[in-house]
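For the sequence shown, the working numbering gives the first residue as 3, with consecutive numbering after it.
Built from N, CA and C at the ideal position, the CB exists for glycine as well.
It should be emphasised that the depicted structure is a prediction, and the values quoted were computed from it without experimental measurement.
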Amino acid sequence: MRYVSTRGQAPVLSFEEAMLTGLARDGGLYLPETIPTLSSDEIAALAGKTYEEVAFTIMRPFIGDTFTDDEFRAIIARAYEGFGHDARAPLVQLGANHFLLELFHGPTLAFKDFAMQLIGQLFQAALSRSGKKVTIVGATSGDTGSAAIEAFKGLDNVDVFIMFPHGRVSEVQRRQMTTPPESNVHALALDGDFDDCQARVKDMFNDFDFRDGVGLAGVNSINWARVLAQVVYYFTSAVSLGAPQRKISFTVPTGNFGDVFAGYIAQRMGLPIEQLIVATNQNDILHRALSTGGYVTSGVTPSISPSMDIQVSSNFERALFYAYGGDGKAVAQLMDELKTKGGFQISQGALQALREIFASGRASEDETSATITGMFAHTGEIMCPHTAVAVKVANEQPVTATPMISLSTAHPAKFPDAVEAATGQRPPLPARMADLMDRPERVTRIANDLAAIEALIHERRRA
Ligand SMILES: *Cc1c(COP(=O)(O)O)cnc(C)c1O
């Protein structure tokens with residue numbers, strides 16, 4: 003399996019190279035040259051299998067000869083053994099034909115653990131074989147950073163630097179990043195918003211001297227291996243509700259388009275998904291783009307679902323690549339317009355292609371809170387604000403016979419203030435992390451300045 007860039011100019015890479023590289027050298031994102039498909043019978047045969055077995059079947063065709071079957075099975079087993087639920091991604095019923103896919107049973111209580119725990123094991127296996135050392139630099143709106151730190155802390159061949167927007171992540175999120183004592187973990191509080199953090203990471207990747215000098219590796223949602231890991235739970239959940247005999251729809255709370263793009267890949271692999279509904283908070287560039295065709299950035303407004311406070315949605319570039327029929331030049335031109343003019347218009351043809359599978363909706367702050375309150379009153383279910391954004395948008399879709407699965411992306415205890423304000427209940431942390439608030443913190447505040455950040459990384463990294 004070979005990987006190509008969405009902008010068509012970077013070298014074609016193997017799975018291992020694409021995974022270790024992250025962002026392509028032409029500024030694009032890597033995608034598999036072809037998407038393997040499963041027949042209906044093969045999908046039906048997933049029923050009753052464990053999460054790990056399904057993960058192996060779905061991901062195996064994408065990894066080429068990077069790992070043997072036995073190695074890959076062992077990597078998957080280690081990635082998910084720390085999850086607090088044997089099903090890994092259990093489904094609970096919320097309404098007559100509406101289900102919640104609980105993706106928050108991993109070590110940092112958000113769905114990002116599904117990808118990051120796997121990536122940690124993949125890197126460990128690849129780097130211990132080659133003896134190479136890498137510096138992982140990531141930007142986070144809260145959950146990616148803690149998931150990355152949890153996945154990479156203590157690994158010999160890796161230093162991990164995570165930048166988060168100072169003062170804009172929840173206390174639980176911050177503490178998950180600042181309390182691990184391992185010396186290869188470096189939490190940086192940047193004076194700026196998430197888009198600033200993400201832009202500085204991109205700048206570092208485009209500074210080839212720096213990039214090669216420190217062995218820069220990216221694990222943000224631009225990393226193909228992360229998208230791949232997320233494809234798995236679309237299959238496990240859809241099959242448990244009757245796919246491939248029945249079609250299934252999903253509503254996905256998103257900012258960076260990563261999670262919902264994984265659903266798109268699942269559909270391209272043959273999973274009968276009727277619709278993928280993109281649910282945004284008030285930072286609604288994706289909803290506006292899908293409803294009007296205009297992808298136009300505006301400022302980020304902080305919300306109670308901070309992991310979706312994003313206006314430059316990296317993974318949308320991957321969807322555009324397919325919508326433009328694999329035309330890397332066209333994608334590069336759009337991205338250029340985005341950089342110089344702050345937006346672009348999606349062509350009619352591409353918009354039509356996107357709308358064949360994607361629909362969208364948004365939830366305001368009040369609507370999100372009201373959904374948490376209402377769902378608690380009706381069902382007893384306490385949900386995090388990101389999940390509530392999805393549930394609000396799912397509930398406004400026309401009712402059909404197709405089951406709707408809303409992705410429940412974080413444990414409510416990760417966002418206790420918003421949840422308490424809406425329900426009067428303060429959700430407790432699971433017992434395994436009950437002492438989080440008492441552990442000492444270690445963090446460096448840093449200006450939104452590329453040179454200063456690069457200097458700090460040179461100075462701190464051990465490798
Ligand atoms: C990251 C995150 C999202 C959005 O994920 P995308 O990669 O933007 O699709 C939603 N909910 C939670 C809790 C998250 O951490």
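Reference residue i, options the options, closest by Cα
i	options	result
C386	V56, L103 and E83	L103
V395	R463, V333, S293 and N283	N283
C199	H168, A49, E358 and G215	H168
L458	A332, T375 and F212	F212
T52	T39, S42, P92 and E35	P92
L431	L111, S42 and E456	L111
V216	A150, I138, D419 and A153	I138
R90	A98, I78 and D193	I78
I267	Y236, I250 and K249	Y236
G351	L322, K343, A372 and T342	L322
E152	L273, G133, D214 and Q119	Q119
Y5	E339, T36 and M179	T36
L105	V314, I121 and F85	F85
D43	G272, I448, D311 and S185	G272
G144	I279, P304 and L129	P304
T146	T402, D71, K341 and S309	S309
C-alpha distance - residue i paired with residue j, whole-angstrom precision
i	j	result
K155	P400	45 Å
G76	Y82	With the sequence shown as reference, residue 76 is identified as Ala, and Gly is not the correct amino acid for it. One C-alpha to the other measures close to 10 Å.
F163	V203	10 Å
S148	M435	13 Å
S362	H460	43 Å
A281	V262	9 Å
M3	S16	7 Å
D2	V136	Limits of the chain in this structure are 3 at one end and 465 at the other, which puts residue 2 out of reach.
L409	E18	29 Å
L356	I407	20 Å
G97	A150	34 Å
Y324	L336	14 Å
N317	R270	16 Å
L25	P255	24 Å
N225	M21	6 Å
I2	F360	An answer regarding residue 2 cannot be provided, because it is not within the stretch 3 to 465 covered by the chain.
R444	L192	14 Å
R464	R176	23 Å
P117	H107	Note that residue 117 is Ala in the sequence shown, not Pro. Their backbone Cα atoms lie some 13 Å apart in a straight line.
G66	A372	47 Å
P418	L190	23 Å
R441	T181	6 Å
Q277	I45	18 Å
Burial state of residue i, where buried means 16 or more other Cβ atoms lie within 10 Å
i	result
V14	exposed
Q2	Past the boundaries of the shown model lies residue 2; the chain is included only from 3 to 465, so the question cannot be answered.
H380	exposed
E319	buried
H87	exposed
D115	buried
G327	exposed
A49	exposed
Q123	buried
G257	buried
F166	buried
E456	buried
F210	exposed
R131	exposed
A449	exposed
P34	buried
A12	buried
Sequence-distant residues of the same chain with beta carbon closer than 6 Å to residue i, five excluded per side
i	result
H188	F163 and R462
M61	L230
R364	T282, D286 and H289
V94	L102
Cβ neighbours of residue i in the same chain (closer than 7 Å, five flanking residues each side left out)
i	result
T370	N283, I306, S307, P387, A390, V391 and K394
S293	S362
G296	R290, G345 and Q347
A332	Y326
T425	I374, T375, F378 and I384
Q126	L157
Contacting residues, own chain, Cβ-Cβ under 8 Å from residue i (five flanking each side not counted)
i	result
T23	L15, Y32, A219 and G220
E398	G363
Q313	D197, N285, I287, T299, S300, G301 and V302
E367	N283, Q284, S305 and I306
Chain C within 7 Å of residue i, Cβ atoms only
i	result
A191	No chain C is present in this structure, which holds just one protein chain.
Worksheet item: What are the uninterrupted segments assigned as alpha helix (DSSP H) that are 4 or more residues long and contained completely in the stretch 349–431, given in chain order?
Response: 350–357, 367–381, 387–397 and 418–425
Worksheet item: At which residue ranges does the stretch 4–87 contain complete beta strand (DSSP E) runs of 3 or more residues, listed in the order of the chain?
Response: 5–7 and 32–34
Worksheet item: Taking the runs of the beta strand (DSSP E) that are 3 residues or longer, which of them lie wholly in the stretch 86–144?
Response: 93–97, 100–104 and 136–141
Fill in: alpha helix (DSSP H) runs wholly inside the stretch 154–191, at least 4 long, in chain order
173–180
Worksheet item: Residue ranges of each alpha helix (DSSP H) run of no fewer than 4 residues wholly in the stretch 277–332, ordered along the chain?
Response: 287–294 and 318–325
Practice prompt. Identify every run of the alpha helix (DSSP H) within the stretch 234–272, keeping only runs that are complete inside it and at least 4 residues long; order them along the chain.
Written response: 260–270
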